[in-house]
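Q: Before I ask anything, here is the structure I am working with.
Number of protein chains: 2
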Amino acid sequence: MPAPLTVSFTASHTGPWAIDRMATVVGEGLPGAERLDVREGAGVAAVAGAAWNLHGVTSHLRYTHKNEASALVAVQEGLGRAGATCAALIPIRKSEAWWSLAQDDRRAIMEEQSRHIAVGMEFLPAVARRLHHCRDLGGPFDFLTWFEYAPADADRFEALVQALRRSPEWAYVDREVDIRLSRAG
Amino acid sequence: MPAPLTVSFTASHTGPWAIDRMATVVGEGLPGAERLDVREGAGVAAVAGAAWNLHGVTSHLRYTHKNEASALVAVQEGLGRAGATCAALIPIRKSEAWWSLAQDDRRAIMEEQSRHIAVGMEFLPAVARRLHHCRDLGGPFDFLTWFEYAPADADRFEALVQALRRSPEWAYVDREVDIRLSRAG
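Quick note, the sequences are listed as chains A and B, same order.
The opening residue of the first sequence carries number 1 in my numbering; numbering runs sequentially from there.
The opening residue of the second sequence carries number 1001 in my numbering; numbering runs sequentially from there.
Rendered as structure tokens:
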């Protein structure tokens, strides 16, 4: 468990990732752009001329229990795999109703009712992902999740996203943008 | 549950709170200063000429269960009470061993073993407090807790602090500074 790492996602006309499509799922969208740059440890400074610029920090596990964490570690793979030329960045914000809940209520909705951790595990190791927290940073979203997968796993990734969006947990999501990207293999 | 509020604690030669004493409990200390200013919503910019400057954000409950949250709301009082002319600012950092634990393990150490929430509740409403998170902000501490109490409750506050320091949870605290303050009544 390393110290929190600040990660910046900057949409403009440069960057290794081509933005193939952007969909506003709920709430306000984000301006369109051609390319995305992902920078680690660059701080939260704004980038001049960017269409948008989102920051988050990797952090400790907020809901995952020990048995789940062990299972995740055993099967998940890291970012940057050579064949994983598809990516998704999905910024979400949750409602005040969510944040007003106590920890046990949030955990119950997230896992016992929505099986968020268990569902995600079904798609490992095909879909690698990293969660970035940003609610405490004061940005417009609460979480930025980054996913990487091979083109052959695109249908599986779609199934994962749809399963989560159908869950009781997602009733608390009041802003969501779905950004799909690709890079040269 | 309002949105996260950024709070800055600035030690220098000005501010409404007189710093009466500063003790380094474990790890590295902080430079001495005469006065403390507490500003809400001021952002995380550095303050020129300050001895030190710490920022944190109020946030949602990370461990508190619903029954505990209800009990807290019923009995706790807010900051800024006229008679609460004593204050303490206690910045702490927890070890990597703590942050590597899963959520259920951290909750078990904090409450089932250390009774952190229950112990704190015994000192309500005499001791009002506000927790500020700062691990995700990249500062030198993980939490800044601010306490306010009347001079007549100073012994009770001391008992609260000592009870927490004796708990199993505190074995994971690797930096702690205890700053005691007062203001004109």
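Yeah, the Cβ is synthetic: ideal placement off N, Cα and C, and Gly gets one too.
No experiment lies behind these values; they were computed from the predicted model shown.
#1: Can you find the residues in the same chain that come closer than 7 Å, C-beta to C-beta, to Ala82(A), ignoring five residues on each side of it along the sequence?
#2: Would you mind stating whether Val128(A) and Arg156(A) have Cβ atoms separated by less than 9 Å?
#3: Look up Glu173(A) in the DSSP assignment and say whether it is helix, strand or coil.
#4: Taking the alpha helix (DSSP H) that Val1065(B) falls in, what are its first and last residues?
#5: Do you know offhand how far Ala1152(B)'s Cα is from Cys1086(B)'s?
#6: Classify Ser95(A) as buried or exposed, calling it buried when 16 or more other Cβ atoms lie within 10 Å of its own Cβ.
#7: With a threshold of 16 other CB atoms inside 10 Å of the CB of Pro1031(B), please say whether the residue is buried or exposed.
#8: Within 9 Å of any Cβ in chain B, is that where the Cβ of Trp99(A) sits?
#9: Considering Asp1037(B), what are the terminal residues of the beta strand (DSSP E) in which it resides?
#10: Say whether chain B places a C-beta atom closer than 9 Å to the C-beta of Ser8(A).
#11: Which of the residues in the segment 1055–1072 of chain B, read from start to end, lie with their CB under 7 Å from any CB of chain A?
#12: So Leu1054(B) and Met1121(B) are supposed to be a Cβ contact under 8 Å. How far apart are they, rounded?
#13: Under the rule that 16 or more other beta-carbon atoms within 10 Å means buried, what is Arg1166(B), buried or exposed?
#14: Tell me which same chain residues have a C-beta within less than 8 Å of the C-beta of Ser1114(B), skipping the five on either side of it?
#15: Quick one: which chain A residues come within Cβ less than 8 Å of Asp1136(B)?
#16: Which two residues bound the contiguous alpha helix (DSSP H) that contains Ser95(A)?
#17: At the 9 Å Cβ level, is Ala1102(B) part of the contact set with chain A, yes or no?
#18: Label His1116(B) either buried or exposed according to how many other C-beta atoms from any shown protein chain fall within 10 Å of its C-beta, with 16 as the threshold for buried.
#19: Helix or strand or just coil, what does DSSP make of Ala1046(B)?
#20: Can you tell which of Asp1105(B), Pro1091(B) and Leu1144(B) has the C-alpha that lies nearest to the C-alpha of Gly1029(B)?
#21: Using the beta-carbon of each residue, which ones in chain B are nearer than 7 Å to Asp20(A)?
#22: List the residues that DSSP assigns as beta-bridge partners of Asp1178(B).
#23: With distance defined between alpha-carbon atoms, name the residue in Val26(A), Gly80(A), Glu77(A) and Ser8(A) nearest to Ala46(A).
A: In terms of the structure at hand:
#1: Translated into positions along the first sequence, residue 82(A) becomes position 82. No residues qualify anywhere along the chain.
#2: Sequence index remark: in the first sequence, residue 128(A) carries index 128 (1-based). Sequence index remark: in the first sequence, residue 156(A) carries index 156 (1-based). It is Ala, not Val, that sits at residue 128(A) in the sequence shown. With contacts defined by Cβ atoms closer than 9 Å, Ala128(A) and Arg156(A) do not form a contacting pair.
#3: Sequence index remark: in the first sequence, residue 173(A) carries index 173 (1-based). According to the sequence provided, residue 173(A) is Val. The question's Glu does not apply to it. Of the three classes helix, strand and coil, the one that applies to Val173(A) here is strand, per DSSP.
#4: Taking the first residue of the second sequence as 1, we reach residue 1065(B) at position 65. Here the sequence assigns His to residue 1065(B), which means Val is not the residue at that position. Where His1065(B) is concerned, there is no enclosing alpha helix (DSSP H), given that its DSSP letter is neither H nor E.
#5: Along the second sequence, one-based indexing puts residue 1152(B) at 152. Along the second sequence, one-based indexing puts residue 1086(B) at 86. So the alpha carbons of these two residues sit roughly 9 Å apart.
#6: Taking the first sequence and counting its residues from 1, one reaches residue 95(A) at position 95. Around the beta carbon of Ser95(A), fewer than 16 other beta carbons lie within 10 angstroms, which makes this residue exposed.
#7: Reading the second sequence from its first residue, position 31 is the one you call residue 1031(B). Sixteen is the threshold: since fewer than 16 other Cβ atoms of the shown chains lie within 10 Å of the Cβ of Pro1031(B), the residue is exposed.
#8: On the first sequence, residue 99(A) is found 99 positions in, with the first residue counted as 1. Chain B, which has a Cβ nearer than 9 Å to the Cβ of Trp99(A), makes this yes.
#9: Here residue 1037(B) refers to the residue found at position 37 of the second sequence. Annotation for Asp1037(B): the continuous beta strand (DSSP E) segment containing it runs Arg1035 to Glu1040.
#10: Counted from its first residue, the first sequence places residue 8(A) at position 8. False, the Cβ-Cβ gap to chain B never drops below 9 Å.
#11: Cβ contacts with chain A: Val1057, Ser1059, His1060, Leu1061, Arg1062, Tyr1063, Thr1064, His1065, Lys1066 and Ala1069.
#12: Counting from 1 along the second sequence, the entry for residue 1054(B) is found at position 54. Counting from 1 along the second sequence, the entry for residue 1121(B) is found at position 121. With a Cβ gap of about 26 Å, Leu1054(B) and Met1121(B) do not count as contacting.
#13: Residue mapping note: residue 1166(B) aligns to position 166 of the second sequence, counting from 1. By the 10 Å Cβ count, Arg1166(B) comes out exposed.
#14: For the purposes of this step, residue 1114(B) is identified with residue 114 of the second sequence, where counting begins at 1. Closer than 8 Å at the Cβ level, and outside the excluded window around Ser1114(B), lie Leu1164, Ser1167, Pro1168, Glu1169 and Trp1170.
#15: Here the question's residue 1136(B) lines up with position 136 in the second sequence. Simply Pro4, Val57, Ser59, His133, Asp136 and Leu137.
#16: On the first sequence, residue 95(A) is found 95 positions in, with the first residue counted as 1. Run containing Ser95(A): none; DSSP gives neither H nor E here.
#17: Against the second sequence, residue 1102(B) aligns to sequence position 102. At least one CB atom of chain A sits nearer than 9 Å to the CB of Ala1102(B).
#18: In the second sequence, counting from the first residue as 1, residue 1116(B) sits at position 116. It counts as buried.
#19: Taking the first residue of the second sequence as 1, we reach residue 1046(B) at position 46. The answer is coil: DSSP assigns Ala1046(B) none of H, G, I, E or B.
#20: If you number the second sequence from 1, residue 1029(B) lands on position 29. Considering only alpha carbons, the answer is Pro1091(B).
#21: On the first sequence, position 20 is the one that residue 20(A) refers to. The contacting residues do not exist; Asp20(A) stays about 30 Å from chain B at best.
#22: Locating residue 1178(B) in the second sequence gives position 178, counting from the first residue. Paired residues: Ala1023(B).
#23: Taking the first sequence and counting its residues from 1, the one referred to as residue 46(A) is at position 46. The residue with the shortest Cα to Cα distance from Ala46(A) is Ser8(A).
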